[in-house]
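Position one of the sequence shown corresponds to residue 18 (this note's numbering), numbered consecutively onward. Here's the structure, in structure tokens; my notes come after.
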Amino acid sequence: MHSALQRSQAGQDFLQNFSKFLFKYGHRETALTISQPAWKDQPEVVLGILKVLAASDPQETSSYHEWKRERDELLERNALGRWPLRQLFLKSLTNTRALFQIREDTHFYATLAQPLVRHVALELGYRLSQVGALDETMDVFHLKLDELEMFGNPWPPSSETIARVRALIVRRRAKRESLANQPMFDPRLLVMESQTSADENVILRGSAGSPGISHGPARIVRDVSEFGKLQPGDVLVAPLTNPAWTPLFQRAAAVVVDTGGAVSHAAIVAREYGVPAVMGALNGTTQLHDGQWIQVDGSRGLVSNTK
Numbered sequence: 018m019h020s021a022l023q024r025s026q027a028g029q030d031f032l033q034n035f036s037k038f039l040f041k042y043g044h045r046e047t048a049l050t051i052s053q054p055a056w057k058d059q060p061e062v063v064l065g066i067l068k069v070l071a072a073s074d075p076q077e078t079s080s081y082h083e084w085k086r087e088r089d090e091l092l093e094r095n096a097l098g099r100w101p102l103r104q105l106f107l108k109s110l111t112n113t114r115a116l117f118q119i120r121e122d123t124h125f126y127a128t129l130a131q132p133l134v135r136h137v138a139l140e141l142g143y144r145l146s147q148v149g150a151l152d153e154t155m156d157v158f159h160l161k162l163d164e165l166e167m168f169g170n171p172w173p174p175s176s177e178t179i180a181r182v183r184a185l186i187v188r189r190r191a192k193r194e195s196l197a198n199q200p201m202f203d204p205r206l207l208v209m210e211s212q213t214s215a216d217e218n219v220i221l222r223g224s225a226g227s228p229g230i231s232h233g234p235a236r237i238v239r240d241v242s243e244f245g246k247l248q249p250g251d252v253l254v255a256p257l258t259n260p261a262w263t264p265l266f267q268r269a270a271a272v273v274v275d276t277g278g279a280v281s282h283a284a285i286v287a288r289e290y291g292v293p294a295v296m297g298a299l300n301g302t303t304q305l306h307d308g309q310w311i312q313v314d315g316s317r318g319l320v321s322n323t324k
């Protein structure tokens, strides 16, 4: 994609602006860990996001008007709508809605140093691999800080230190692989009894993340390298999401996530965009397949076949 843009003046102008963008925002991460590259380290991820956004005009959303209607209906039917609780409630509601904006700002500034720390760790991993302590540079992310400090003096490290660390890395690598894509707890525990259904078309049950019903072809997106797969009107099916995934919600007809609950990133963003979402579906990314037409009931946490 980068080479294609270089072949035209418009493309070169875009790349110049893109470089300025990465200078300012390139510390944003695809996962909140230094083991994963930031945008500036993997610019093709950002280009993939832009490709998705440029695929069609932005979708209109009525989420604000729906939210306002829900608020007004609540105030009409509840004691919160009467003095003196009304003003206290509206003030609390305004502060709560602002909290999510503050959270994103805090996340932005808290991760400013993440690429620098990652590059330092990779340099140390490279040096350790050169003396045979690691099989590859990325193995450095299997070690804790105090374990890395063992290599400070003497240099190069002794054969005993190298053998101990290599054995530690082997154990931790195997453990991480065994835990890959495994939830910390069973999301089905969040599913209320009223959400269950005897409908034979229901293929996945999770928890309600964002209300509404929508349908479309499933599109499995396992990580940021697959962002370009999502087309307008697709149902985004993902193992998890974080802020780097947010632009995809503008194109998705609905969202199905293997993990998480009503207060996780995907559910919050889906509600902001007015997109139905089912959380904690457990195995949506393995049970569904690309192009499969499904219906997502975000109010009951159900995913059903439509064809």
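All C-beta atoms in this analysis are idealised placements derived from N, C-alpha and C, irrespective of residue type, glycine included.
Query	Result
Buried versus exposed call for residue 327 [16 or more other C-beta atoms within 10 Å across all chains shown]	The displayed coordinates of the chain run from 18 to 324. Any statement about residue 327 would go beyond what the structure contains.
Nearest candidate by alpha-carbon position, reference residue 241, set 271, 259, 88 and 90	259
Option nearest residue 138 by Cα separation, candidates 181, 155 and 194	155
Whole-angstrom C-beta distance between residue 230 and residue 312, which should lie under 8 Å	7 Å
Cβ neighbours of residue 227 in the same chain (closer than 7 Å, five flanking residues each side left out)	284, 287, 288, 292, 293, 294 and 315
For residue 234, the three-state DSSP class (helix, strand or coil)	strand
Residue environment, residue 194, which counts as buried when at least 16 other CB atoms sit within 10 Å	exposed
Exposed unless 16 or more other CB atoms sit within 10 angstroms - verdict on residue 275	buried
Sheet register partners of residue 312 (DSSP bridge)	232 and 321
Pick from 41, 190, 53 and 37 that is closest to residue 152, judged by C-alpha positions	190
Reduced DSSP category for residue 148 - H, G, I as helix; E, B as strand; rest coil	coil
One or two residues paired with residue 221 in a DSSP bridge	320
Closest Cα partner of residue 48 within the set 233, 143 and 135	135
For residue 49, the three-state DSSP class (helix, strand or coil)	coil
Contacts around residue 212, its chain only, beta-carbon distance under 6 Å, and the 5 residues preceding and following it disregarded	With a pLDDT of only 48 at residue 212, under 50, the local geometry of the prediction cannot be trusted, and no value is derived from it.
First through last residue of the beta strand (DSSP E) which encompasses residue 21	From DSSP, residue 21 is part of no beta strand (DSSP E) but of the alpha helix (DSSP H) over 19-23.
Rounded C-alpha distance that separates residue 251 from residue 265	10 Å
Residue burial classification, residue 270 (beta-carbon count within 10 angstroms, cutoff 16)	buried
Residue 176, buried or exposed, once every other Cβ within 10 Å from all chains shown has been counted against 16	exposed
Enclosing alpha helix (DSSP H) for residue 187 [first to last residue]	176-196
Nearest neighbour of residue 277, chosen from 174, 128, 223 and 216 [CA to CA]	223
Separation of residue 234 from residue 309, as counted between CA atoms	5 Å
Same chain, Cβ closer than 6 Å to residue 65, neighbours up to 5 away in sequence not counted	244 and 245
Whole-number beta carbon distance between residue 304 and residue 221, since they are thought to touch under 8 Å	7 Å
Assigned secondary structure, residue 226 (DSSP; H/G/I helix, E/B strand, else coil)	strand
Within 8 Å, strictly: CB atoms of residue 254 and residue 323	no
Sequence-distant residues of the same chain with beta carbon closer than 8 Å to residue 167, five excluded per side	174, 178 and 182
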